[in-house]
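Here the structure is laid out as structure tokens; the discussion comes afterwards.
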Amino acid sequence: MAYEHIRVATEDAVGMVTLNRPQVLNALNQALMTELAAALEEFDRAAGVRCIVLTGSDRAFAAGADVREFAEATS
């Protein structure tokens, strides 16, 4: 599956997921969370994956929730 907000790779028995929204310090928005859930489900179905590493691109792991998206949704 192709993702817009995360990068996914597998090395040996390790699944790697990198949050990839560096312009907003990898803030978690709905689209990223949907992609993350899909990637984790794919790894869960993969027989050879024994663990998953979750990391962030660029300067931050994750800044937390994307407050801009939250503000737009509540206004």
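Going by my numbering, 207 is the number at position 73 of the sequence shown; the sequence numbering is gapless.
Just so it is clear, CB atoms sit at the ideal spot from N, CA and C, and this is done for glycine as well.
If you draw a straight line from the Cα of A197 to the Cα of N163, it is about 11 Å long.
Residue burial annotation: F204 is exposed, with fewer than 16 other C-beta atoms found within 10 angstroms of its C-beta. The residue among A136, G149, Q157, T208 with its C-alpha nearest the C-alpha of T189 is G149.
Along the stretch 141–186, the alpha helix (DSSP H) occurs as fully enclosed runs of 4 or more residues at 164–179, listed in sequence order. For the 8 Å CB-CB criterion, I140 and L159 do not form a contact.
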